[in-house]
Amino acid sequence: MVESNLLANGSVNGFLDGKHFNRCKRLHPMVALGLEILFFKSFLQNNNKTLTDDVIEEVKRLQNSEISSFHIENEELKELINSYGIYKQQSLNGEHGKTAQFYLIYINLINYYLNLSRSIRTGNFELFKSMLPKITNIFFICK
Numbered sequence: 001m002v003e004s005n006l007l008a009n010g011s012v013n014g015f016l017d018g019k020h021f022n023r024c025k026r027l028h029p030m031v032a033l034g035l036e037i038l039f040f041k042s043f044l045q046n047n048n049k050t051l052t053d054d055v056i057e058e059v060k061r062l063q064n065s066e067i068s069s070f071h072i073e074n075e076e077l078k079e080l081i082n083s084y085g086i087y088k089q090q091s092l093n094g095e096h097g098k099t100a101q102f103y104l105i106y107i108n109l110i111n112y113y114l115n116l117s118r119s120i121r122t123g124n125f126e127l128f129k130s131m132l133p134k135i136t137n138i139f140f141i142c143k
């Protein structure tokens, strides 16, 4: 992290200890993305699934389409997304071990933070309303 200039020398301990979240705002989404990629690869490996050329082409098409016209046409990709959602829920329930559960909770919390931040920056009140119950759960997690 230090060598890639994502984090200063003295900030590594603060990041690992969970202190100074504001100083590490750039780093947490990158770590969450890396963990999500590893989790998806684990899903593919554990379920003996492979990404076909058709699925990859559909994902590329969706990347270039507007959000308003976002529609998945490939049935194989729909099934893959549904299976991945089930796998994620199983991991959140602890069926794949405590480590996977911990890191998936971390990924979800970072995604909640990013969505809340986006709702504030863009003035999207509906997104803000939908994120508040998820974010407030964090404040009462140790109660």
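Using the UniProt record's numbering, read the sequence shown as starting at 1 and increasing by one per residue. The beta-carbon is built from N, C-alpha and C at its ideal position, and this holds for glycine as well. Model, not experiment: these values are computed from the prediction.
- Distances from the CA of S130 to each of I67, S42, F139, S119 were compared; the closest alpha carbon is that of S119.
- L77 has its alpha-carbon roughly 26 Å from the corresponding atom of Y106.
- Under the 8 Å Cβ criterion, the stretch 24 to 37 counts as touching the stretch 109 to 126, having at least three qualifying pairs.
- Around the beta carbon of F39, a 10 Å sphere encloses 16 or more other beta carbons of the protein chains shown; the residue is thus reported as buried.
- If you draw a 10 Å sphere on the C-beta of K25, you find fewer than 16 other C-beta atoms in it, and that means exposed.
- A residue is called buried once 16 or more other Cβ atoms fall within 10 Å of its Cβ, and E95, having fewer, is exposed.
- V55 and L80 have their C-alpha atoms roughly 9 Å apart.
- Secondary structure of N48 (DSSP, three-state): coil.
- Residue environment for K88: buried (at least 16 other C-beta atoms within 10 angstroms of its C-beta).
- As summarised for the stretch 79 to 142, the continuous alpha helix (DSSP H) elements at least 4 residues long and confined to that stretch are 98 to 122, 125 to 139, given in chain order.
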